[in-house]
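**Q**
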Amino acid sequence: MAAYLWIAFGSALGGMGRYWTGLVMIRLWPVPFPWGTLLINMLGSFVIGLFAALTDAHGRYPLGVTPRLFVMVGICGGYTTFSSFSLQTLGLMQDNRLLEAGLNVLGSVALCLIAVWLGMLLGMVGQR
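Okay, so the sequence shown: first residue is 1161 according to my numbering, each after it adds one.
#1: Taking a contact to mean a Cβ-Cβ separation below 8 Å, would you say G1283 touches L1188 in this structure?
#2: Would you tell me roughly how many angstroms separate the C-alpha atoms of I1167 and T1181, rounded to the nearest one?
#3: Less than 6 Å between C-beta atoms, sequence neighbours within five positions excluded: which residues of the same chain meet that for G1204?
#4: Please state if the CB of G1279 and the CB of G1224 are separated by a distance shorter than 8 Å.
#5: Which of the three DSSP states is assigned to W1189 in this structure?
#6: With distances taken from CA atoms, which of P1194, P1190, I1186, G1177 is nearest L1250?
#7: Measure the alpha-carbon distance for G1234 versus F1242 and round it to whole angstroms.
#8: Within 7 Å: the Cβ of D1255 and any heavy atom of the ligand PLP?
#9: Does DSSP put N1201 in a helix, a strand or coil?
#10: Check the Cβ-Cβ distances between Q1248 and every residue of chain C, and say whether any is below 8 Å.
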């Protein structure tokens, strides 16, 4: 039961972070393209990759299950926004902005895979 509470707390923190980041991005780039969602997904992917590499059983800072659930399921799960990504991409498609929808899909997938890979590489620096 304690793990669920830690996940819920992490999700609340991640959700608040997502909201704040989205507001900042709208102020920086007030355009109809979902730049905020793209950045949020990239950052979340980077953090989950870094944390996974650093804290697994063979990582530099191995942690137990509960702290990993707090960060990876709670904070990162509350922060990343693939549901928003899907809804916004569908909106672009419904507005007949097919090129932008395609770029959003390709950019999100490619950049998030690169971000999670970079996070894992950084997390594994100096490991045996």
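The beta carbon of each residue, even a glycine, is placed where N, CA and C say it ideally should be.
**A** Straight from the coordinates:
#1: Along the sequence shown, read from residue 1 onward, the residue named residue 1283 stands at position 123. Along the sequence shown, read from residue 1 onward, the residue named residue 1188 stands at position 28. No, they are not a contact pair.
#2: In the sequence shown, counting from the first residue as 1, residue 1167 sits at position 7. In the sequence shown, counting from the first residue as 1, residue 1181 sits at position 21. Approximately 21 Å, taken between the alpha carbons.
#3: On the sequence shown, residue 1204 is found 44 positions in, with the first residue counted as 1. Excluding positions up to five away in sequence, the list reads C1236, Y1239, T1240.
#4: On the sequence shown, position 64 is the one that residue 1224 refers to. On the sequence shown, position 119 is the one that residue 1279 refers to. Not closer than 8 Å, so no.
#5: Indexing the sequence shown from 1 puts residue 1189 at position 29. It is coil, neither helix nor strand.
#6: Residue numbering aside, residue 1250 sits at position 90 when the sequence shown is read from its first letter. Among P1194, P1190, I1186, G1177, the Cα nearest to that of L1250 is on P1194.
#7: Against the sequence shown, residue 1234 aligns to sequence position 74. Against the sequence shown, residue 1242 aligns to sequence position 82. When rounded, the distance between both Cα atoms is 15 Å.
#8: Although the ligand PLP was asked about, the structure shown includes no ligands whatsoever.
#9: Sequence index remark: in the sequence shown, residue 1201 carries index 41 (1-based). Three-state DSSP puts N1201 in a helix.
#10: In the displayed structure, chain C is absent; only one protein chain is listed.
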